Each structure stands twice: as C-alpha cells, then as structure tokens.
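Participant:
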Amino acid sequence: AFDGDAVIFSDESERIFQSQGIEAFENHERENARKPLPEGPFARLLKALSFIQNNFKNAEGRAAPIRTALVTARSSPAHERVIRTLRAWDVAIDETFFMGGVAKSAVLAAFRPHMFFDDQPGHCAHASTLVPTGRVPIKMPQD
C-alpha cells in the first residue's frame with residue numbers, strides 16, 4: 009500500500025499544501041487536473057508491480073497474487089488528478105482510498121497490506137502499530 013503525494017507522486021502538490029494551505033492546494037489541483045502528476049520516489053515500484061500484475065493475468069488467466077492500494081489524504085476535487093495520472097501511466101491499482109483527512113489506520117487495519125509506504129512521520133507512527141511501514145524521506149520547505 010502506498011501514500012500518494014511525495015511517495016508515488018512528486019512532492020509538488022504537498023509543498024503547495026504545506027506552504028500555502030488547503031485552498032491553494034485545491035485550486036492548484038483543479039487548475040492542473042488534466043496534467044499528470046510528476047513521478048515520486050516509489051512510482052517505478054508501483055509501475056513494476058502493475059506490469060507484473062497485468063502480465064500474470066494475461067499469462068495465467070487469473071488474478072495476480074500481488075495486490076496494490078493507494079491510501080491518500082486527498083479527497084474531491086484533488087482526486088481527479090490522481091485518477092488521470094494513473095490512467096496516463098497505464099497503472100491499475102486494486103484498492104484506492106481517498107481519505108479526505110480521515111485517519112489512514114482504519115483502512116490499513118482492514119486491508120492489512122504486507123507493507124505501507126508514507127512520507128509523513130505521524131502517519132507512519134500510527135500505521136506501524138498495524139502493518140510493516142516504511143517512511144519515505146522527503147525534504148519539505150520547513151525542514
């Protein structure tokens with residue numbers, strides 16, 4: 009399972025949220041909804057997993073034993089850019105959760121991924137009590 013901003017996607021939008029607030033972030037995402045997000049540090053891993061899943065389905069005719077999930081704090085209207093980006097990358101994700109500020113721990117407890125990657129120390133601290141968790145280090149403006 010992956011977080012979105014600063015993990016699968018670049019930290020471009022996260023930086024706007026951190027420095028200018030939610031309204032500026034939502035405006036930025038609305039204005040750029042048709043522009044795919046730049047790749048983040050784990051984009052290649054997600055793309056590789058998607059490729060394996062797709063080829064396994066084609067070769068075996070059944071679902072791949074790998075399942076992927078996106079668990080992100082984003083919500084409407086910022087979800088549109090994520091969906092369009094994944095389509096542009098030709099990446100299918102098995103489960104997508106747009107949490108809109110709700111704690112990710114409930115979804116992680118129910119989904120039980122083998123691994124969860126996030127950039128936020130607080131999210132990682134909560135998640136690590138439920139599932140193996142990796143913090144993706146990212147330098148933010150206040151760092």
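Converting from the sequence shown to our numbering requires adding 8 to each position, the first position being numbered 1. By construction, the Cβ of each residue, glycine as well, lies at the ideal position given by its N, Cα and C atoms. Owing to the predicted nature of the structure, the values given are computational and were not obtained by experimental measurement.
Below 8 angstroms on the Cβ atoms is my contact criterion, and I expect G108 with S136 to pass it. Report the Cβ-Cβ distance as a whole number of Å.
Facilitator: For the purposes of this step, residue 108 is taken as residue 100 along the sequence shown, with counting starting at 1. For the purposes of this step, residue 136 is taken as residue 128 along the sequence shown, with counting starting at 1. Not quite, the Cβ-Cβ distance comes to about 22 angstroms (not below 8 angstroms), so this is no contact.
Participant: Skipping 5 residues on each side, what residues in its chain have a beta carbon closer than 7 angstroms to that of F6?
Facilitator: In the structure as shown, the chain begins at 9 and stops at 151. Residue 6 is therefore absent and cannot be evaluated.
Participant: For V15 versus P49, is the C-beta distance shorter than 8 angstroms?
Facilitator: Stepping through the sequence shown from its first residue, residue 15 is reached at position 7. Stepping through the sequence shown from its first residue, residue 49 is reached at position 41. For V15 and P49, yes; Cβs fall inside 8 angstroms.
Participant: Looking at D13: is its Cβ nearer than 8 angstroms to the Cβ of H131?
Facilitator: The residue labelled residue 13 in the question sits at position 5 within the sequence shown. The residue labelled residue 131 in the question sits at position 123 within the sequence shown. The answer is no: Cβ separation not under 8 angstroms.
Participant: Check T141 in the structure and name its three-state DSSP category.
Facilitator: Position 133 of the sequence shown, counted from the first residue, corresponds to residue 141. Note: T141 maps to strand in three-state DSSP.
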